[in-house]
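In our numbering, the protein residues as written are 170 to 438.
Even glycine gets a Cβ: it sits at the ideal position worked out from N, Cα and C.
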């Protein structure tokens, strides 16, 4: 295991470039993103999907190494470069305020939208131009928890490999297919071809969520959620609009909250 103690190490510069102001561009150029923390790295080392976001390099402080070894046997890991780093080096690398001493670089290679239909999914959550990285990570984690088969983000959405998004998924990126940069109109057309029901969440939706979905939870369906500020775009008539009934005086729900209600109701059957 190579040890890194110099704050001038090129490894630090590379990680910071993937996290900095030009991070999205650098992540795309290198097809690499940064993962931090025990739980996320543990899930990256034991993915639930056969292919996709492969872990390439692992950086561990002495304390981080002990934490990870208490969770799994690192001796059996192959084809991964492991580096021991000092606490000072980890602090320079990490994006989080309180690093756990565990950081990894992973490949951004993931499924394309055309691959999705071959998986025969029945429950898909689609998010149109979601902008907040925390919301994006939360909906991925929620979809995973509620048994949805995939999460799809439209073009002009937040980068799913943004460090805040990755942290908010808490490892669910390695449990469920997540596909980004998808044109909503093309996706709807393909969904209709594949005989999916289509539902769009709207405050003034024509269908009441609680009263109308007990009998159709198992039907193949795409659930479409809108932008945090602008809601949904104009959608074709094949997409039925659905509202979540609310007892109080709030005009609307945060997109992550609305998605959690829908995915729990539809997914947990």
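Under the three-state reduction of DSSP output, residue 239 falls in the helix class. Assigned with DSSP and collapsed to three states, residue 307 falls in helix.
Ranked by how close their Cα comes to the Cα of residue 406, the residues 368, 392, 397 and 415 have 368 in first place.
Judged by DSSP secondary structure, residue 292 falls within the beta strand (DSSP E) whose first and last residues are 292-296. Beyond the five residues adjoining it in sequence on each side, residue 393 comes within less than 6 Å, by CB distance, of 295 and 369 in the same chain, given in chain order. Annotation for residue 173: the continuous beta strand (DSSP E) segment containing it runs 171-173.
Take residue 256, set aside five residues on each side of it, and the residues of its chain with a beta-carbon closer than 6 Å to its own are 230, in chain order. Looking at the DSSP output, residue 226 bridges to 250 and 274. In the structure shown, the three-state DSSP call for residue 419 is coil.
Within the DSSP bridge table, the entry for residue 323 names 351 as partners. In the structure shown, residue 192 falls within a helical segment according to DSSP collapsed to helix, strand and coil. In the DSSP secondary-structure assignment, residue 201 is bridged to 276.
Fewer than three pairs of CB atoms, one per stretch, sit closer than 8 Å, so the stretch 181-196 makes no contact with the stretch 205-214. Assigned with DSSP and collapsed to three states, residue 431 falls in helix. Secondary structure of residue 263 (DSSP, three-state): coil.
Of the residues assessed, residue 196 falls on the buried side of the cut-off, its CB having 16 or more other CB atoms within 10 angstroms. Inclusion of residue 378 and residue 411 in the CB contact set at 8 Å is warranted, their separation being smaller than that value.
Listed in chain order, the non-local C-beta contacts of residue 263 below 7 Å within the same chain comprise 205 and 272, local neighbours out to five positions each way being set aside. Judged by pairs of C-beta atoms under 8 Å, the stretch 288-307 touches the stretch 315-322, as three or more such pairs exist. Residue 408 is bridged by DSSP to 367.
Assignment of residue 356 by DSSP, reduced to helix, strand and coil, places it in the helix class.
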